[in-house]
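One structure is given here, and the rest of the page talks about it.
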Amino acid sequence: MESAPKRKAVIFGAPIAWVAAFGALIGIFSLVPMIFYIFGGGFISAGMIIFAPLAGVILGPWAGMIAGLIGGVIGMFISPASYPLGIIDAFLSGAFISLFWGLVNRKYMKFFIPWWLLWIVICIIWPYHFPGPAGGYSPAPEPYYTLSWSWTYVGFVLYITTLGFIPKWISEGAKSSRKTIGLLMYNFIANTSWMLPWKIIYFGLLKYPAEIVAADNIISWWAYTLPMVIATTIIAFATLEAMRKSGMYRPPGGIL
Amino acid sequence: MSGKKVNIWFWIFWIGFIVIAYGFITFVTAIWSAEAAKTAGQLGIYGSLIIGVIGIIMVVLGNLKK
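Protein chains in written order, with the numbering used here: chain A, 903 to 1158; chain B, 1408 to 1473.
In structure tokens form, the structure reads like this:
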């Protein structure tokens, strides 16, 4: 038997205290490295890998996004080196993670599908085709450049084709094996959609050559997606099981 | 908050999985290239490995006592 919060201090159905707690955890854990970049020079933090996706999964996309933004802003101040783009990074490496992880939930498909397609179009066009060389960007080598975003096309097709059964596979009564596979797919979909804004805004604002972007996209399969999906699957599985079995409150926007 | 009776070992058991995921994923990414190992340093490499082992201990103990 789950019990609803006694007070009505909720935002998008999630207790404000939970939103604040997730925000604080994302912010504090932005200091803790988790995935080291293969070419050195930095890391993706534990706040981004553990708590930002969990905020989206548990609180839902809207409350999760608020928690992610709080965490991003805290992280921006306490770990400025991890947030070179300042407030833009607070969105990309905080709010957007929780937003995309929450949006994979089937109930948000009417928003999520056009939102994802919009980012695919942005990534293909901006900035290497428009404004392109006229804006000081190197021209994109085609079709290599467009194909280099392959993980997001795979993720999108997976999302569309699994809409019918992933919610059942990750539901409370499902077998552990199905739950694990379902969460692997859920996290792959979330990761391959979120990486679009995360990458293209960085590359665009920092004016990376298109060839470097394409090369980074190719290694993304195993350098970013593989470790992040495995980590978030284990973490989401343990958290969902613990919260379901303990009978804690289940915010209506999340997948609990 | 909780509608069911769970003890501290229940939470140690489940949080142990998160600690394992953190420790071993961090360890693997810290050793997967010389540049990554340089960023991680000795503390990052051995520290993450120790955290992974702590996670295993948490899961085992939690499972025995929950």
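Even for Gly, the Cβ is constructed at its ideal location relative to N, Cα and C.
Item, Value
"Using the Cα positions of Y1151(A) and K1081(A), report the straight-line distance between them to the nearest angstrom.", "21 Å"
"Any idea what DSSP makes of S1440(B), helix, strand or coil?", "coil"
"Measuring only the C-alpha atoms, how far is C1025(A) from W1421(B)?", "39 Å"
"For P1153(A) and Y1061(A), I'd like the C-alpha separation in whole angstroms.", "23 Å"
"Using a beta-carbon distance below 8 Å, is A911(A) in contact with chain B?", "no"
"For G925(A), which residues in the same chain have their Cβ closer than 6 Å to its Cβ, ignoring the five residues on either side in sequence?", "A969, I972, G973"
"Name, in chain order, the residues that DSSP records as bridge partners for P1043(A).", "Answer is none; P1043(A) lacks a bridge partner."
"Between V1435(B) and chain A, is any beta-carbon pair separated by less than 8 Å?", "yes"
"Chain A beta carbons: is any one of them nearer than 8 Å to that of W1418(B)?", "yes"
"In this structure, does DSSP put A916(A) in helix, strand or coil?", "strand"
"Does any CB atom of chain B fall closer than 8 Å to the CB of I918(A)?", "no"
"Run through DSSP, which three-state label would F1067(A) get?", "coil"
"Give the DSSP bridge partners of S947(A), in chain order.", "P935(A)"
"Could you tell me the boundaries of the alpha helix (DSSP H) in which N1119(A) lies?", "1112 to 1122"
"My output table needs one value for M903(A): the three-state DSSP class, helix, strand or coil.", "In this prediction, M903(A) has a pLDDT of 47, which is less than 50 and means its spatial position is unreliable; what the coordinates show is noted afterwards. Residue state, collapsed to three classes: coil."
"Show which residues of chain A have a CB atom less than 9 Å away from the CB atom of I1458(B).", "Here the premise fails: no neighbours, minimum Cβ distance about 10 Å."
"Once the 5 residues before and after A1447(B) are set aside, which same chain residues still bring their CB inside 6 Å of it?", "A1437"
"Cβ closer than 9 Å: which chain A residues qualify as neighbours of K1472(B)?", "None at all; the shortest Cβ gap to chain A is about 15 Å."
"Measure the C-alpha to C-alpha separation of I1425(B) and G949(A) and round it to an integer number of angstroms.", "13 Å"
"Mapping the DSSP letters down to three states, classify Y1010(A) as helix, strand or coil.", "helix"
"Using the beta-carbon of each residue, which ones in chain B are nearer than 7 Å to E1044(A)?", "In chain order: nothing, as chain B lies at least about 30 Å away."
"Quick one: using the 10 Å Cβ neighbour count with 16 as the cut-off for buried, is I1121(A) buried or exposed?", "exposed"
"At the level of alpha carbons, what is the spacing between A954(A) and I1463(B)?", "24 Å"
"State the Cα-Cα distance for the pair R1146(A) and L956(A), rounded to the nearest angstrom.", "14 Å"
"For L1020(A), is the classification buried or exposed, using 16 other Cβ atoms within 10 angstroms of its Cβ as the cut-off for buried?", "exposed"
"Return no unless some Cβ of chain A is closer than 8 Å to the Cβ of V1404(B).", "With chain B running from 1408 to 1473 in the structure shown, residue 1404(B) is simply not present."
"Would you verify that the beta carbon of S1409(B) is, or is not, closer than 8 Å to some beta carbon of chain A?", "Interpretation of S1409(B) is limited by its pLDDT of 48, a score under 50 that renders its predicted location unreliable; the figure taken from the coordinates is listed afterwards. At least one chain A Cβ lies under 8 Å of S1409(B)."
"For a cutoff of 8 Å on Cβ pairs, would you count G943(A) as touching chain B?", "yes"
"In three-state terms, what does DSSP make of L1005(A)?", "helix"
"What is the residue span of the alpha helix (DSSP H) that F953(A) lies within?", "Taken as a continuous stretch (DSSP letters only), F953(A) belongs to no alpha helix (DSSP H), as it is neither H nor E."
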